[in-house]
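One structure below.
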Amino acid sequence: MKNRKDFRRLFACLVIFTLALPLFGQKSDSLKKDSWRPRPYHWNVIKLNIMPMFMWSTARNITISYERLVNRSQSVSLQVGFLEMPRIIGDQIPGILYFGDSQKGGVNIAVDYRFYLSRRNSRPAPDGIYLGPFLSYYGYRFWNDFTLFNSSIIDNGKMKGGFDIINLGVSLGYQFVFWKRLTLDLLVFGPCMSLYSAKFAVTGDLSPEIIEQIDKDVLDKLLAKFPILGYLIHNDGAFATGYRLKYGAGFRYSIQLGFHF
7 MKNRKDFRRL
17 FACLVIFTLA
27 LPLFGQKSDS
37 LKKDSWRPRP
47 YHWNVIKLNI
57 MPMFMWSTAR
67 NITISYERLV
77 NRSQSVSLQV
87 GFLEMPRIIG
97 DQIPGILYFG
107 DSQKGGVNIA
117 VDYRFYLSRR
127 NSRPAPDGIY
137 LGPFLSYYGY
147 RFWNDFTLFN
157 SSIIDNGKMK
167 GGFDIINLGV
177 SLGYQFVFWK
187 RLTLDLLVFG
197 PCMSLYSAKF
207 AVTGDLSPEI
217 IEQIDKDVLD
227 KLLAKFPILG
237 YLIHNDGAFA
247 TGYRLKYGAG
257 FRYSIQLGFH
267 F
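Put into structure tokens, the structure is as follows:
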């Protein structure tokens, strides 16, 4: 319980810190030393992040973002998306159980504050090289009904779990603006510090041996799809049912197509 409270408090602090960043860029252009910079063609960009579609091979991974310039060289953006990842676990764990109905899904949210490096950019922002802090969140949930093979103790049960990742880091990228309207945003470098949490539970009258086998199979599948979750593994290589919280490192990158207006 304490770990969950710490998780929520840290997330709230990071959100407040990141959302407060635009306040430092609210001075009028006439009062800033960079008022000589080219005036932007437009002040808004709405974008579609195509990376989740390629990573998870499904068109239902929709992530959109809105970027707003706060002056001639800085902007703030908000990204929101729905994630539907490929099925993590197969139809059965051989010799133990087979799975029935299932549900899965997740969300991603990110807030960025960008500084467009005008000394390297000849065109108006948001065209050019940018650098700035970001805060992002990824959350994923799943559950599966299952039926045991050759068991007189229980006919069915349920397995449910999920994980959350909070990232705070710095992004470096380049955004192209074509014909003053179309944009191509390439975020190529985004190291970050991350907070990982995961929860996994199996309901039903199961023996410790069966729970251990389910744990092992689910762990193998999760690590195959999401290697970064290795931070949550116990020293003995097991991911016991329950709740885990751990710090680590992460990385962020994206390709976004947009409309400048």
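Quick note, the numbering used here runs 6 ahead of the 1-based positions in the sequence shown.
C-beta atoms are modelled at their ideal positions from N, C-alpha and C, and glycine is treated no differently.
{"query": "Taking the beta strand (DSSP E) that residue 87 belongs to, which residues open and close that run?", "result": "80-89"}
{"query": "Quick one: measure Cβ to Cβ for residue 122 and residue 134, integer angstroms, because I've assumed they're closer than 8 Å.", "result": "5 Å"}
{"query": "Counting C-beta neighbours from all protein chains within 10 Å, is the total for residue 140 16 or more, i.e. buried, or is it exposed?", "result": "buried"}
{"query": "When the distance is taken between beta carbons, is residue 172 closer than 8 Å to residue 201?", "result": "yes"}
{"query": "Relative to the C-alpha of residue 71, which candidate in 118, 208, 255, 127 has its C-alpha closest?", "result": "118"}
{"query": "Under three-state DSSP, which class holds residue 139?", "result": "strand"}
{"query": "Restricting to Cα atoms, I'd like to know which of 196, 207, 199, 174 is closest to residue 165.", "result": "207"}
{"query": "Which same chain residues, not among the five before or five after residue 48, have their C-beta less than 6 Å away from its C-beta?", "result": "266, 267"}
{"query": "If you compare alpha carbons, which of 87, 184, 116, 132 is closest to residue 50?", "result": "132"}
{"query": "What did DSSP end up calling residue 257 once you bin it into helix, strand or coil?", "result": "strand"}
{"query": "Let's test the definition: count the other Cβ atoms within 10 Å of the Cβ of residue 189 and tell me whether it reaches 16, buried, or not, exposed.", "result": "buried"}
{"query": "Look at residue 115 and residue 86 and say whether their C-beta atoms are less than 8 Å apart.", "result": "yes"}
{"query": "What residue range is occupied by the uninterrupted beta strand (DSSP E) comprising residue 56?", "result": "Unbroken run through residue 56: none, as it is neither H nor E."}
{"query": "Hey, could you find the ends of the beta strand (DSSP E) residue 6 is sitting in?", "result": "The shown model of the chain, from 7 to 267, leaves out residue 6, and the question about it has no answer."}
{"query": "Leaving out five residues before and five after residue 256 in sequence, what residues of the same chain have Cβ atoms less than 6 Å from its Cβ?", "result": "173, 198, 200"}
{"query": "If we count the other Cβ atoms within 10 Å of its Cβ and call it buried at 16 or more, is residue 80 buried or exposed?", "result": "buried"}
{"query": "Measuring straight from C-alpha to C-alpha, what distance separates residue 186 and residue 204?", "result": "44 Å"}
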